[in-house]
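Residue numbers (full-length UniProt numbering): 1 to 332.
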């Protein structure tokens with residue numbers, strides 16, 4: 001009997017091709033158990049010529065709560081590829097990537113206590129799609145949690161609010177310095193022109209916010225009001241019920257003194273890898289949509305956003321997981 005599942009491998013997910021055999025297993029925790037790998041070993045992956053190696057492992061399978069000894073092989077796409085201490089995730093579509101990341105985090109959510117927090121930091125250059133990825137992964141993860149947890153069918157069908165959500169996205173944008181703070185800098189004209197550079201953010205505020213979240217299990221965080229052009233205080237509420245907090249922003253993986261403390265806060269560090277020209281083209285179109293002329297938009301991007309993107313790309317070496325955007329894959 002053949003089946004397709006995703007396996008959790010030392011914080012990696014790989015596609016599983018086949019299994020055989022089966023012994024019934026009761027699982028009182030889950031009304032409809034999800035596929036969950038309990039032990040895995042000896043999987044090989046390499047870049048380019050993808051090596052496959054069959055192994056046997058034990059897992060909890062599907063909705064009937066059956067334990068199977070699996071024989072499985074890594075398929076070529078989608079896959080997570082170990083590169084020294086870094087994993088690289090690529091797939092045919094971003095939808096596949098969203099699904100893989102959500103299932104990866106579901107296993108983390110299931111393995112921690114109700115009041116605990118699993119905090120992921122996802123960095124990437126301006127225009128990489130960090131907010132889009134975070135939103136999609138969080139939505140899928142919350143849906144998976146409802147389906148895999150012990151809710152009745154009636155409860156599942158009537159979840160209209162977010163009271164049962166276990167995941168939330170927390171953008172770094174809320175920690176922009178206020179415009180009045182830029183006005184007080186030595187060169188306010190340059191400060192406003194370079195808004196979005198690392199020194200126009202408040203990393204201390206972000207670090208204190210996440211440390212408070214760790215300490216007390218909940219926190220109120222600022223968002224960014226694009227209509228006003230400034231942060232909006234206490235607009236995002238991370239509650240006790242949120243087990244997974246996906247923080248996204250440009251500079252979360254920077255190793256300099258002001259940002260380094262984030263390393264000890266994040267359980268995982270992701271980098272969204274996009275071709276730099278593609279991402280800057282998106283930023284240019286964004287400025288044009290906001291009313292700038294094409295020439296003004298290009299000038300702004302060349303003067304500010306390109307510099308910022310180059311800084312962000314230098315921090316890719318600090319990631320645990322590199323997520324290859326489909327745009328990036330198409331231009332490889």
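C-beta atoms are modelled at their ideal positions from N, C-alpha and C, and glycine is treated no differently.
Asked                                                                                                                                              : Found
Look up residue 196 in the DSSP assignment and give the residues it is bridged to.                                                                 : BP columns for residue 196 are empty, so no partner.
According to the neighbour-count rule (16 or more other Cβ atoms, all chains shown, within 10 Å of its Cβ), is residue 318 buried or exposed?      : buried
Of the choices 86, 131 and 204, whose alpha-carbon is the least far from that of residue 258?                                                      : 204
Measuring alpha carbon to alpha carbon, tell me which of 92, 97 and 93 ends up nearest residue 270.                                                : 97
How long is the line joining the alpha carbons of residue 294 and residue 137, rounded to whole angstroms?                                         : 33 Å
Give the DSSP-derived three-state secondary structure of residue 243 in the structure shown.                                                       : coil
Contact between the region 113 to 122 and the region 231 to 249: three or more CB pairs below 8 Å?                                                 : yes
Does residue 272 come out as helix, strand or coil in the three-state DSSP assignment?                                                             : strand
Residue 312 to residue 304, Cα distance in whole Å?                                                                                                : 13 Å
According to DSSP, is residue 72 part of a helix, a strand, or is it coil?                                                                         : Note that residue 72 has pLDDT 30, beneath the 50 cutoff, so the model's placement of it is unreliable and the number below is only indicative. DSSP places residue 72 in strand when its eight states are reduced to three.
Identify whether residue 122 lies in helix, strand or coil by the three-state DSSP scheme.                                                         : strand
In three-state terms, what does DSSP make of residue 257?                                                                                          : coil
Straight-line CA distance for residue 316 to residue 288?                                                                                          : 29 Å
Should the region 162 to 180 be called in touch with the region 225 to 235, which here means at least 3 C-beta pairs below 8 Å?                    : yes
Helix, strand or coil: which one does DSSP assign to residue 89?                                                                                   : strand
Give a yes or no on contact between the region 124 to 131 and the region 245 to 260, applying the rule of three or more CB pairs nearer than 8 Å.  : yes
Pick from 302, 219, 145 and 276: whose alpha carbon is nearest that of residue 105?                                                                : 145
Which value, in whole angstroms, describes the spacing of the CA atoms of residue 99 and residue 167?                                              : 14 Å
Looking at C-alpha atoms only, which residue of 296, 169, 143 and 184 is the closest neighbour of residue 222?                                     : 169
Measure from the alpha carbon of residue 260 to the alpha carbon of each residue in 86, 121 and 101, then state which is nearest.                  : 121
Out of 127, 142 and 173, which one is the CA nearest neighbour of residue 252?                                                                     : 173
Are there 16 or more other CB atoms within 10 angstroms of the CB of residue 92, so buried, or fewer, so exposed?                                  : exposed
Throw me the rounded Cβ distance for the residue 181 and residue 265 pair, which I believe falls under 8 Å.                                        : 24 Å between Cβ atoms; not a contact.
What is the DSSP secondary structure of residue 141, counted as helix, strand or coil?                                                             : helix
Assign residue 206 to buried or exposed, taking buried as 16 or more other Cβ atoms, counted over all protein chains shown, within 10 Å of its Cβ. : buried
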